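> First residue of the sequence shown: 39, per the numbering used here; consecutive thereafter. A virtual CB, placed ideally from N, CA and C, is assigned to each residue, including glycine. Note that the structure is a prediction, hence the values are computed from the model and not measured.
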Amino acid sequence: MGNVLALASALCFGSTHFLSALLSRRMNSTAVALLGQLGGTAAILPVTLAVPAASVDVTALGWGALSGVGTGIGITFLYRGVSTGKLSVVVPVSDVGAVALPVLVGVVLLDERPPVLSWLGIAAAAPALWLVSRASGEPGHRAEPGRSGGTATGSLAGLVAGVGFAVQFIALARADEAAGLWPLLVSRVASVLAIAPAALATRAALRPRPRLLLGTLATGTLGTLGTLLYTLATREQLLTLAVVLTALYPAIPVVLGITALRERVSARQLVGLGLAAVAIALIALSGA
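(1) For P235 and V227, what's the separation of their Cα atoms in angstroms?
(2) Am I right that L99 and P221 are in contact with their C-beta atoms under 8 Å? What's the rounded C-beta distance?
(3) Which residues in the same chain have their Cβ closer than 6 Å to the Cβ of A237, if we skip the five residues on either side of it in sequence?
(4) Where are the alpha helix (DSSP H) runs, 4 residues long or more, that stay fully inside the region 78-151, in chain order?
(5) Pull up the distance between the alpha-carbon of V134 and that of L167, whole angstroms please.
(6) Can you tell me whether P288 is buried or exposed, with buried defined as 16 or more other CB within 10 angstroms of its CB?
(7) Quick check on G218: does DSSP put it in helix, strand or coil?
(8) Reducing DSSP to helix, strand and coil, say where Q275 ends up.
(9) Given 8 Å as the limit, is there contact between the region 42-56 and the region 259-267, that is, 3 or more CB pairs closer than that?
(10) Have a look at A181 and R249 and give me their C-alpha separation to the nearest angstrom.
(11) My assumption, with CB atoms under 8 Å, is that S229 sits in contact with G110. Please give the rounded CB distance.
(12) Could you give the distance in angstroms between the alpha-carbon of S58 and the alpha-carbon of L148?
(13) Tell me which residues share the same chain as N66 and place their Cβ nearer than 7 Å to its Cβ, disregarding the 5 neighbours each side in the sequence.
(14) Which ranges does the alpha helix (DSSP H) cover as unbroken runs of at least 4 residues, wholly within the region 233-312, from first to last along the chain?
(15) Whose C-beta lies closer than 8 Å to the C-beta of I233 among residues of the same chain, with five residues either side of it excluded?
(16) Tell me which residues share the same chain as V224 and place their Cβ nearer than 6 Å to its Cβ, disregarding the 5 neighbours each side in the sequence.
(17) Could you spell out where the alpha helix (DSSP H) holding A44 opens and where it closes?
(18) On the criterion of 16 or more Cβ atoms from any shown chain inside 10 Å, does S93 qualify as buried, or is it exposed?
(19) Could you check the C-alpha separation between G258 and L219 for me, to the nearest Å?
(20) Do the CB positions of F51 and P140 come within less than 8 Å of each other?
(21) Do the CB positions of L283 and S156 come within less than 8 Å of each other?
(22) Measuring straight from C-alpha to C-alpha, what distance separates G312 and L323?
(23) Taking the alpha-carbon positions, what's the G253 to V154 distance?
(24) Hey, how far is the Cα of S174 from the Cα of A216?
(25) Whose C-beta lies closer than 6 Å to the C-beta of T272 among residues of the same chain, with five residues either side of it excluded?
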């Protein structure tokens with residue numbers, strides 16, 4: 039069940055980042071991040087109140103807050119990166135960081151020991167994540183006004199985003215299950231607070247056209263659903279495996295680009311998609 043939840047989380051994250059990348063080219067990327075997290079916070083509040091919590095302590099809420107800070111940093115720099123640099127640079131750099139650090143923490147600090155098949159799946163996932171995110175170009179790309187684009191900018195933004203997402207993944211997995219969904223609600227609130235200074239500093243326009251506003255709120259809700267599914271996956275699965283499966287989300291924008299935008303897929307991306315399928319199969323078989 040943990041594998042299914044993690045893959046469903048990947049589907050949500052991939053769809054969210056695909057839609058947010060499109061929105062970030064029509065409005066300020068920091069505004070997309072902030073409004074999205076506000077939408078996600080509003081969506082998770084009634085769910086949190088409805089789910090029983092046996093014991094909500096300061097430690098669980100602290101882990102939730104830390105994950106929210108990671109989320110805020112991650113999406114701010116990810117959306118900033120895709121608005122000023124190449125998606126094919128930002129996404130793989132951020133994703134490698136988001137996978138490598140939690141796996142290291144799981145193995146070294148949490149003493150997790152995945153089965154041999156799972157290790158083979160992790161080994162296949164690493165090149166899959168890189169290849170599936172490599173695109174030949176970014177047609178229609180437009181940088182935000184007053185900011186220069188480029189590979190260097192995208193790489194730096196992707197690196198910082200990867201560290202932020204790694205913190206998000208690790209911290210949420212450490213929150214006590216007895217706290218119900220309160221750590222996730224605190225995480226959403228903390229992400230809003232983490233993004234707000236950047237929004238004020240860049241003077242992001244927080245009153246976009248109604249169509250764009252609804253889009254950002256919807257993507258934030260979808261991203262929060264992905265975070266919820268990931269949290270549930272960590273309660274059924276090792277952190278190491280849940281992170282690897284969730285982090286396969288870059289395959290989703292590629293598939294959506296092919297089907298919805300009729301983009302051409304490169305040979306490298308086909309190889310990456312194939313390796314992603316192998317990684318999923320190996321990890322699934324290890325838990326069978």
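Reading it off the structure:
(1) Linking P235 to V227 through their CA atoms gives a straight-line distance of about 14 Å.
(2) In this structure L99 is in contact with P221, their Cβ atoms being roughly 6 Å apart against a cut-off of 8 Å.
(3) Closer than 6 Å at Cβ, skipping near neighbours: T68 and L72.
(4) Within the region 78-151, complete alpha helix (DSSP H) segments of at least 4 residues are found at 96-122 and 125-142, given in chain order.
(5) V134 and L167 have their alpha carbons spaced roughly 7 Å apart.
(6) Residue environment for P288: buried (at least 16 other C-beta atoms within 10 angstroms of its C-beta).
(7) DSSP places G218 in coil when its eight states are reduced to three.
(8) DSSP places Q275 in coil when its eight states are reduced to three.
(9) Yes: at least three Cβ pairs fall under 8 Å.
(10) For A181, the pLDDT reaches just 45, beneath the cut-off of 50, and the residue's location in the model is therefore unreliable, leaving the point undetermined.
(11) Yes, they are in contact, since the Cβ atoms of S229 and G110 sit about 4 Å apart, within 8 Å.
(12) Looking at the two C-alpha atoms, the distance is approximately 33 Å.
(13) These residues qualify, in order along the chain: E182, T240, A242 and A243.
(14) If we require 4 residues or more, the alpha helix (DSSP H) runs fully inside the region 233-312 come out as 248-272, 277-284 and 289-297.
(15) Here the set comprises T68, A71, L72, Q75, G110, I113 and T114.
(16) Excluding sequence positions up to five before and after V224, its CB lies within less than 6 Å of the CB of L99, G102 and A103, all in the same chain and listed in chain order.
(17) In the DSSP assignment, A44 falls within the unbroken alpha helix (DSSP H) covering G40 to L61.
(18) Exposed, by the Cβ-count rule.
(19) Cα-Cα distance, rounded: 17 Å.
(20) For F51 and P140, no; Cβs fall outside 8 Å.
(21) In this structure, S156 does not lie closer than 8 Å to L283 by Cβ.
(22) For G312 and L323, the distance between alpha carbons rounds to 17 Å.
(23) The straight-line gap from Cα to Cα measures roughly 42 Å.
(24) At S174 the pLDDT is 43, less than 50, meaning the model places this residue with poor confidence; the figure from the coordinates comes in the next sentence. Rounded to whole angstroms, S174 to A216 spans 47 Å at the Cα level.
(25) Apart from the 5 residues on each side of it in sequence, T272 sits with its Cβ closer than 6 Å to the Cβ of A211 and A280 in its chain, given in chain order.
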